[in-house]
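Numbering (my numbering), first residue to last: 1 to 357.
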C-alpha cells in the first residue's frame, strides 16, 4: 500500500500538476503529502531499521527529492524548515538534498574561490522566502510572547534559566520520539531568534555609516551587542551533549544558499566555535559540520563556506585542536574532507582577509 501511495504522489503528471502554474497554489498540498511521507518513514529511519521494504521506500523517497531538487528547487527552498522538523537527525543525506536547493535564477559562487568576499554578494543581504510556520512550535507551547519579551528586555529576565526545562519532552513523549528534547521547538526557537537578530542588524545597518556596515568574523562588535548572541552562547554552553547536538543541527539547517540567514548562522556557529571555553564544544561543532560533508553530494553551499572558513582562517586555530589529530584515521579523515572542500589541510593562511564573512 505504501509503495502504491508513493508511486501515486510522485507520478510526473500528479506532482507536476500540483507544483506548476496556478500561482503555486498546489505547493501547500504537496508539502503536506511529503510531510506525511517523512512522518511515516521516521520511526524506521531513526532506528536504522532498513529492512528491504523500508530500504526500497527510502530509495524511492530520495528519488522524489532529487527530482524536486532538479525541477522544483524553489519548493524545497521555501519549505526546508518544516521538512527538517520531521526528518531524523541521522538522515544526513536526505536533509542535505533539501538544504542544497537554491533558486534557479541564482548562480552560486564557488566556495573554494580564494579570498571570496561573502559579504559583497548581492544576495547575501536578502532574506530567503520561508513558507513554513517558523514560530508555530513556539505558539503551541505558549512561548512566543516570552521570547519576544526576552529579546526586547533581557535584563533580569529568567527566560534563559527556564529554557532548558522547557525544551525537554514529557517522559512518555520522549519514549516515542527517541529523544528527550522537543526538536521542532528547538528548531523554531533557533530560526525565530535568528530572524529577529537579522532584522535588527539590518535596521542598525541602515542607520550606521558605511564604514560600520561590514558583517565579518573579525569585527564582532555588531553581533556581540545582540541579545540573540547571548541566547546562542548560553545554550551551547549549558545544554548536555544530546541537547547541544540537536541545537547545533538546528543552526546548521540554515546554512543553505547565499542569503541573510545563511550569512548570520554561518557567523553564529563559527562564533560559538571561537568563543567556546571547552574543547568538547568545538569538537561537537566540528562533528555537526563534518558529518554533513562526508556523505555523498550534494552539499549545501553555506555548509561548504562555513567549513572552509573554519579550517582556513587562523582565528579558529583548527588544525592545532587536539581532536583533529587524536588518532591517525581521524586526522586522515579531516584532511580528506578539507581537500574535497577545496579548503586545503593543515594550512591556516593569514593574508589579512577574514574570508569575506
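We treat Cβ as the ideally placed atom computed from N, Cα and C, and that holds for glycine.
Helix, strand or coil: how does DSSP classify residue 79 here?
As a position in the chain shown, residue 79 is number 79, starting the count at 1. Of the three classes helix, strand and coil, the one that applies to residue 79 here is coil, per DSSP.
Compare the Cα-Cα distances from residue 323 to each of 314, 334, 313, 315 and report the closest residue.
On the chain shown, residue 323 is found 323 positions in, with the first residue counted as 1. Here the closest residue by C-alpha is 334.
For my contact list, residue 316 and residue 274 are in at a C-beta cut-off of 8 Å; report their separation, rounded to the angstrom.
To locate residue 316, count along the chain shown from 1; it is residue 316. To locate residue 274, count along the chain shown from 1; it is residue 274. At roughly 6 Å, the Cβ-Cβ gap stays under 8 Å, so residue 316 and residue 274 are in contact.
Using a Cβ-Cβ cut-off of 8 Å (strictly less than) and excluding sequence neighbours within five positions of residue 226, which residues of its own chain qualify?
Sequence index remark: in the chain shown, residue 226 carries index 226 (1-based). Contacts found: 197, 200, 201.
Quick check on the burial criterion: 16 or more other C-beta atoms within 10 angstroms. Buried or exposed for residue 314?
Translated into the one-based positions of the chain shown, residue 314 becomes position 314. By the 10 Å Cβ count, residue 314 comes out exposed.
Give the DSSP-derived three-state secondary structure of residue 271 in the structure shown.
The residue given as residue 271 occupies position 271 in the chain shown. Of the three classes helix, strand and coil, the one that applies to residue 271 here is helix, per DSSP.
For residue 181, which residues does DSSP report across the bridge?
Looking up residue 181 in the chain shown gives position 181. In the DSSP output, where bridge partners are listed per residue, residue 181 has 168.
Compute the distance between the beta-carbons of residue 102 and residue 73, then report whether it is under 8 Å.
Walking along the chain shown from the start, residue 102 turns up at place 102. Walking along the chain shown from the start, residue 73 turns up at place 73. Result yes, Cβ atoms of residue 102 and residue 73 sit closer than 8 Å.
Give the straight-line distance between the Cα atoms of residue 109 and residue 291, rounded to the nearest whole angstrom.
Within the chain shown, the letter at position 109 stands for residue 109. Within the chain shown, the letter at position 291 stands for residue 291. Their Cα atoms are separated by approximately 23 Å.
Whole angstroms is fine: what's the gap from residue 185's alpha carbon to residue 167's?
Here residue 185 is taken as the residue at index 185 of the chain shown, counted from 1. Here residue 167 is taken as the residue at index 167 of the chain shown, counted from 1. Looking at the two C-alpha atoms, the distance is approximately 7 Å.
Comparing C-alpha positions only, which one of 301, 327, 330, 325 sits nearest to residue 341?
Taking the first residue of the chain shown as position 1, residue 341 is located at position 341. Nearest of 301, 327, 330, 325 to residue 341, Cα basis: 301.
Quick one: residues in its chain with C-beta nearer than 7 Å to the C-beta of residue 251, no 5 flanking neighbours on either side, listed in chain order?
Locating residue 251 in the chain shown gives position 251, where the first residue counts as 1. Correct list, in chain order: 190, 265, 268, 269.
Just confirm the distance between the C-beta atoms of residue 89 and residue 299, as a whole number of angstroms; I'd bet it's less than 8 Å.
Against the chain shown, residue 89 aligns to sequence position 89. Against the chain shown, residue 299 aligns to sequence position 299. Not a contact, Cβ separation roughly 17 Å.
Do the CB positions of residue 257 and residue 57 come within less than 8 Å of each other?
If you number the chain shown from 1, residue 257 lands on position 257. If you number the chain shown from 1, residue 57 lands on position 57. No, the Cβ-Cβ distance between residue 257 and residue 57 is not below 8 Å.
Are residue 188 and residue 145 closer than 8 Å when you measure CB to CB?
Residue mapping note: residue 188 aligns to position 188 of the chain shown, counting from 1. Residue mapping note: residue 145 aligns to position 145 of the chain shown, counting from 1. The answer is no: Cβ separation not under 8 Å.
What's the C-alpha gap between residue 84 and residue 35?
Locating residue 84 in the chain shown gives position 84, where the first residue counts as 1. Locating residue 35 in the chain shown gives position 35, where the first residue counts as 1. Rounded to whole angstroms, residue 84 to residue 35 spans 10 Å at the Cα level.
Taking only runs that begin and end inside the segment 283–327, name each unbroken beta strand (DSSP E) of 3 or more residues, in chain order.
none
Exposed or buried, what is residue 175 when buried is set at 16 or more other beta-carbons lying within 10 Å of its beta-carbon?
Taking the first residue of the chain shown as 1, we reach residue 175 at position 175. Looking at its Cβ environment, which holds fewer than 16 other Cβ atoms inside 10 Å, residue 175 is exposed.
To which residues of the same chain is residue 228 closer than 6 Å at the C-beta, ignoring the five residues directly before and after it?
Counting from one through the chain shown, the residue named residue 228 turns up at place 228. The answer, listed in chain order, is 193, 197.
Starting from residue 251, trace the alpha helix (DSSP H) both ways and give me its first and last residue.
Reading the chain shown from its first residue, position 251 is the one you call residue 251. From DSSP, the alpha helix (DSSP H) with residue 251 extends over 241–252.
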